[in-house]
Amino acid sequence: MSRFRLTGYVTSLLLAVGLGIGGAATAQASTAATGGYVALGDSYSSGVGAGSYISSSGSCDRSTNAYPYLWNAAHSPSSFAFNACSGATTDDVISNQLGSLSSSTSLVSLTIGGNDAGFSDVMTTCVLQSDSDCISRINTAKAYVDSTLPGKLDNVYNAISAKAPGARVVVLSYPRFYLLGQTCLGLSDTKRSAINGAADYMDAAIQQRAAAHGFVFADIRSAFSTHEICSGDSWLHSVNWLDISESYHPTAAGHSGGYLPVFTNNA
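Right, here's the structure in full:
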């Protein structure tokens, strides 16, 4: 979820080192073949965690391994704007990412909502504190998802529709983080289950609002099944001590094997 604003939590996460958190789809013809493609959203779209960052993207950390970049390379739309940015909230998308949209835009992709709901703080709490503290923080995030996130998503979706009324808009989900029922050092089963439940809770809210706007909801959770943290072949970083900002983000394999085929099938 999206780089959730992890910078302020680096020291705390480093203190938690002892916790030790531990099929290709058939391509379909896309409407973007005759129009432009604009990739919006947060770090799950910019590619934080996938490496090979584009130097000109600065702190947005856009990766050449991210699913929007890979889709563009494979399909060659008439134009491509890679505007997704690490740390983005719904307000950031509206303020900073919509300039490339126009009546000629045929395809838009988007992941957004995780930073609004404060998922980095959720993860920090769950890493450093007790099961009850973790669940309490998750419940606070769920309350935000119920009370405030739908309106925030509506604002983004309305703005996209206004600027690109003919575009096919594909809203992608977030994955579940943990494969449950495995022997895995670090967080308790209670915490892992609650974190997965929180991801599902937010995805359900995103799906509902996307459907209300006539957008496509592309659910990547099945694609990540058996590739979560605690699996033998994880497509998600747990705590990455070499680059803490990549923690809890998809790897390059998560983009090429998870996000890309799901997006391709829905584009």
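Count the sequence shown with mature numbering (1 follows the signal peptide of the UniProt record, and there is no 0) and you get residues -29 to -1, 1 to 238, in order.
In this text, a Cβ means the ideal position worked out from N, Cα and C, and glycines have one as well.
Looking only at DSSP bridge pairs, what is residue i linked to?
i	result
Ala10	Phe53 and Ser80
Tyr172	DSSP output for Tyr172 lists no bridge partner at all.
Val98	Val98 is not bridged to any residue.
Lys34	Note on residue identity: the sequence assigns Ser, not Lys, to residue 34. DSSP output for Ser34 lists Tyr24 as bridge partner(s).
Compute the beta-carbon to beta-carbon distance between residue i and residue j, rounded to the nearest angstrom, for a pair I have assumed lies under 8 Å.
i	j	result
Cys105	Gln153	About 19 Å separates the two Cβ atoms, so there is no contact after all.
Leu231	Tyr24	Wrong, their Cβ atoms sit about 18 Å apart, outside the cutoff.
Ser77	Gly6	3 Å
Thr197	Leu150	7 Å
Using a Cβ-Cβ cut-off of 7 Å (strictly less than) and excluding sequence neighbours within five positions of residue i, which residues of its own chain qualify?
i	result
Ala176	Val116, Leu120 and Pro121
Gly20	His208, Glu217, His220, Pro221 and Thr222
Ala224	Trp206
Asp87	Thr60, Thr61, Leu120 and Lys123
Leu41	His226, Ser227 and Leu231
Ala182	Phe188
Arg180	Pro121, Leu124, Asp125 and Tyr128
Tyr172	Lys113 and Val116
Ser132	His184
Please state the DSSP three-state secondary structure of residue i.
i	result
Val116	helix
Ala(-1)	Unreliable positioning characterises Ala(-1) in this predicted model, as indicated by a pLDDT of 44, which lies under 50. A coordinate reading is not provided.
Ala135	coil
Ser66	helix
Val140	strand
Gly58	coil
Leu72	coil
Ser91	helix
Gly85	coil
Ser17	helix
Pro48	coil
Ala238	coil
Give me, in chain order, the residues of the same chain whose beta-carbon lies closer than 6 Å to that of residue i; leave out the 5 immediate sequence neighbours on both sides.
i	result
Ala59	Asp13
Ala52	Val9 and Ser71
Asp32	Ser17, Val19, Tyr24 and Ser57
Leu81	Leu11, Gly12 and Val142
Asn67	none
Ala194	Gly229 and Val233
Looking only at its chain, what residues have a beta carbon closer than 8 Å to the beta carbon of residue i, apart from the 5 residues adjacent to it on each side?
i	result
Asn36	Gly18, Ala21, Gly22, Ser23, Ala223, His226 and Ser227
Ala189	Val141, Val142, Leu143, Ser144, Val233, Phe234, Asn236 and Asn237
Ser27	none
Ile109	Val93, Cys97, Ala165, Ile166, Gly168 and Ala169
How about residue i: is its C-beta nearer than 8 Å to some C-beta of chain D?
i	result
Gln178	No chain D is present in this structure, which holds just one protein chain.
message: Report the start-end ranges of each alpha helix (DSSP H) in the region 143 to 231 that is 4 residues or longer and not cut off at the edges.
response: Taken in chain order, the whole alpha helix (DSSP H) runs of length 4 or more contained in the region 143 to 231 are 160 to 183.
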